[in-house]
Structures are given as C-alpha cells and as structure tokens.
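Under the numbering used here, the first residue of the sequence shown carries the number 1, and numbering increases by one thereafter.
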Amino acid sequence: MTQSRTSKLRILCGVVVPLAAVLVIQQSGLVAADAKKEDPQPAIVDAGPVGGPPSDAIVLFDGKDLSKFRGEKRAEPTWKHANGVMESTPPGGIFSKEEFADCQVHLEFSTPSTVHGDGQGRGNSGVYLMGRYEIQVLDNYNNKTYPNGQCGAFYGNNPPLVNACRKPGEWQTYDIIFHAPKKDADGKIMAGSYTVLHNGVLIQDHIPVAGGHTAASPLQGFAEKGPLYLQDHGNPVRFRNVWVRKLNGK
Ligand code: MG
C-alpha cells in the first residue's frame, strides 16, 4: 500500500468510525444532550437519620405503640412493647393494618441474648411480605439448621447467599425489596422477586417469588397485595424501627 493510500484510509477511518459510534449511541437513546434539565425530576426524599425512616416511608412501628398492627389470634396485638421496642409474644404474630404490593421494607431485630434451644428453636420469628412469603428470622450465630430455613432464607425456597448473623442480643437490620407476583392478561401468575440485605450484606439477589408461601404462612393463595406479617414462633424476638416504602405508587 502506498503512503498516499494509507493516509486516505486513516482519514476515512477517522471520520467513519466516530460517525458510526454517534449513530449507534443516538439509536440507543444514550445521548446526554437529548435529556433536558427541564425534564421531570426524581422526587426529593429526605433520607432521614441512618436507618431511616425516609420522608416518604409509611412508619409501622416507631417505638410508641402498635396502632398500625392487628393481632393474628386476637383482634388486638398481644406483643409486649416498651422502651421503643416490641417483642414477639404468644399467642400469635401481628399483621400491618395497611396492605402492600411492591415495596421496600426496613426493620431491625434482635434475637434473645440468653440462648435457648438450637436449630429452628432458637430466636425464631419471620418477616412475611403479603402475609405469605417468609424471610426467616433465626439465631444462626453458631447454630446450624437446614439452609433454606436459616436466618435470611426465603423460607422453604432459597437459602441466603451468606450467613451475616450478628451475635444473639445484638441489633440487626433487614432491608428488603419485594416485587409481588402478578397475573398477566391470561390469568397466568408471573413471578415477583425478593432482594434482601442483612446487616447491609446482600443475601437474596432478585430471587423469584412465584407463590412460594409455605403451609405455615398465615395467608395463602394469590392476592394483589397483603399485610406485612411478623411471626410469633414462641421465642421472644425484639423488633424496632419498622417502615415501608410503596414502590410504583401501590
Ligand atoms: Mg420463622
């Protein structure tokens, strides 16, 4: 190839390749200049203190009372509450009065500092979205059980990616992003999903929720939304700072 032809080829590549790149980006809608600062802006949310609640959250328990809950086996919740904390107390769990579909949930829990029992009998409670799909609460600090029943498991369906349990009696966090199963136009159920962080550690990564309630779930069958349910499993597990953000306005 002569020097002249090489130069022409370089010039051609210098023009054609960037032009093609611009066209590809424009096709994909990725040109920043296409977006204008006058476009609708994301809503402003005050994140609040560490652990929330953010300004757009529905606070279910802020330590004062259980007025946002009803009982499971009695009309009124039987759970003890004092000093900003509520404690699972027989004879049953508690349901939020408000119902949710797609949502973000934050709560803090503490299994008993005095350890009794082992396996499933140690610090057992649970967080059920829509009263159906349990993210297990259990003391699995040096306590083995079946993996899809351990702390952070989507109970009976999927074990957590890792065991991020703190010691018994220490406060721990769950941050849950839940998408409810939905029905398509033919009535077929399309799976939702669970994403869960335990003490800030990812333990469920967009796991399908395809109607995977267990026989022990207090509510059964398909529903478009349902209450947040906290389980009483006979162990005095404590909770505080419980809030929910509705996603997609539902
Ligand atoms: Mg449980």
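From the three backbone atoms N, C-alpha and C, an ideal C-beta is built for every residue, glycine too.
With a threshold of 16 other beta carbon atoms within 10 Å, I44 falls short and is exposed. By the Cβ criterion, the segment 106-120 is in contact with the segment 230-240, since at least three pairs of Cβ atoms, one from each stretch, lie closer than 8 Å.
Shown here, P40 sits in coil according to DSSP, grouped into three states, outside any helix or strand.
Here K225 has E99, F100, A101 as same chain residues with Cβ atoms under 6 Å from its own Cβ, once five neighbours each way along the sequence are excluded.
Taking each of N148, P40, C103 in turn and checking the Cα distance to G249, the smallest one comes out for C103.
Counting only heavy atoms of the ligand MG, the residues whose C-beta sits closer than 7 Å to one of them are, along the chain, N124, S125, G126, E134, Q136, V137, L138, Y155, Q231, H233. DSSP places M130 in no beta strand (DSSP E); its state is neither H nor E. Two segments are said to touch when three or more pairs of C-beta atoms, one from each, lie closer than 8 Å; by this definition the segment 136-147 does not touch the segment 183-201. The closest CA to that of D175, considering only L129, N158, P208, is found on L129. Excluding five sequence positions before and after P90, the CB atoms of its chain that fall closer than 8 Å to its own CB belong to T78, D232, G234, given in chain order.
Taken through DSSP and simplified to helix, strand or coil, Q120 comes out as helix. Burial state of R74 is exposed, judged by a 10 Å Cβ sphere holding fewer than 16 other Cβ atoms. Cα atoms of G119 and D139: separation of roughly 8 Å, rounded to the nearest angstrom.
The C-beta of E72 has 16 or more other C-beta atoms within 10 Å across all chains shown, which makes the residue buried.
Three or more beta-carbon pairs drawn from the segment 151-171 and the segment 201-215 are found closer than 8 Å, and the two stretches are therefore classed as touching.
Between the beta-carbon of F178 and that of G131 there is about 12 Å, and that puts the pair past the 8 Å contact cut.
Within its own chain, the residues whose Cβ lies closer than 8 Å to the Cβ of E87, once the five positions on either side in sequence are excluded, are W79, K80, H81, P236, V237, R238, F239, listed in chain order. Burial of Q172 is indicated by the presence of at least 16 other C-beta atoms within 10 angstroms of its C-beta.
For P227, the enclosing beta strand (DSSP E) stretches over residues 226-230.
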